[in-house]
Every structure is written in C-alpha cells, then in structure tokens.
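Numbers given in the numbering used here equal positions in the sequence shown, counted from 1, plus 22. The beta carbon of each residue, even a glycine, is placed where N, CA and C say it ideally should be. All figures in this text were calculated on a predicted structure; none of them were measured in a lab.
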Amino acid sequence: MMTRRTFVKSGACALVALAAPPRFLLRAVEAAAGRRKVLVAIFQRGAVDGLSMVPPYGDVAYAAVRPGIALQPPSHGESERAVDLDGFFALHPSLAPLLPLWRDRALAVVHACGSPDTTRSHFDAQDYMETGTPGVKSTPDGWLAR
C-alpha cells in the first residue's frame with residue numbers, strides 16, 4: 023500500500039517533470055552540430071494546434087477568426103506574447119528557447135502541409151505521412167518509418 027508521503031513526493035516529481043521545457047531538443051542539436059547533419063522531424067499526434075505554436079500574427083484574419091485564443095503579437099507588450107520570427111510568423115512564448123536555432127538557420131517550420139490522399143482515417147493518414155506513400159497501405163519503403 024502506498025503511503026500518503028510517497029504519493030505526495032511522487033506527484034510532486036511528476037509535476038516538476040511535466041513543467042520542464044523541452045530543453046532536450048536544444049541539447050541534442052548542439053551535441054550533434056559538429057559531427058554531421060541531423061534531421062529532427064516532430065510529428066505531433068493530435069492535440070497540438072500549429073496555429074498556436076507558430077502563429078501567423080501578420081495575417082489580419084488570424085486574430086479575427088481566433089478572438090479568444092489568438093496569441094498576442096510580439097509588439098503587444100504583454101509577457102505572454104508571441105516571439106517574432108520574420109515579421110509574419112512567430113513562436114509561442116514557451117518555444118522561445120528554439121529562437122537561436124531559427125536565427126542560425128538550423129530550424130524550419132513546415133506549416134499547412136498534408137497528404138494528397140483523401141482518407142478519412144486519422145491512422146491511415148499518419149502511416150502515409152511516415153512512409154511518404156499516400157494511398158499505399160503496405161510498403162517496404164519510406165523516409166521515416168522503415
């Protein structure tokens with residue numbers, strides 16, 4: 023049986039771990055920088071909103087269609103404002119540690135991309151993106167999930 027003290031300590035450790043920013047990505051890129059070129063592809067499986075992570079704040083329609091959830095533009099002055107990338111796109115404030123990678127041209131964002139296949143299956147769509155073979159369910163090839 024778990025004691026209350028063990029439960030509280032374990033819960034506190036879990037909260038600290040969840041609150042930590044994704045610094046492992048920055049360390050991984052810095053460690054590999056001198057050796058060889060590395061491609062880090064992040065495929066977010068649901069629950070991420072690309073327009074909140076890398077908002078197009080320069081598009082007037084962005085704030086208009088997202089009145090309650092649009093991030094504040096970089097020039098707004100609030101602490102929870104977007105971090106400017108190029109005058110049109112920005113990073114969510116929690117992704118600010120990635121800004122040096124952007125400035126060094128070691129980070130690219132591929133926005134509004136998808137598969138030409140019209141499947142209604144989320145799982146099939148993930149498979150197609152990972153293999154690079156839209157519409158082909160079984161393949162020995164691929165660029166990510168070989």
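Bridge-paired residues (DSSP) for residue i
i: aspartate 106; result: Ala112
i: glutamine 94; result: Arg103
Residue i - DSSP class collapsed to helix/strand/coil
i: glutamine 66; result: coil
i: lysine 59; result: coil
i: threonine 28; result: helix
i: threonine 153; result: helix
i: histidine 133; result: coil
i: glycine 72; result: helix
i: valine 82; result: helix
i: valine 87; result: helix
i: tryptophan 124; result: helix
i: aspartate 146; result: helix
Environment of residue i [buried if 16+ CB atoms lie within 10 Å]
i: valine 76; result: buried
i: methionine 23; result: exposed
i: threonine 153; result: buried
i: aspartate 149; result: buried
8 Å Cβ cutoff, residue i in contact with chain C
i: threonine 25; result: Annotation note: the requested chain C is absent from the structure, which comprises a single protein chain.
Would you call the stretch 77-91 in contact with the stretch 103-116, where contact means no fewer than 3 C-beta pairs closer than 8 Å? Because the criterion of three Cβ pairs below 8 Å is met, the stretch 77-91 and the stretch 103-116 touch.
Quick test of the definition: if touching needs 3 or more C-beta pairs under 8 Å, does the stretch 81-95 touch the stretch 61-70? Contact check between the stretch 81-95 and the stretch 61-70: fewer than three CB pairs, one atom from each, fall below 8 Å, which does not count as touching.
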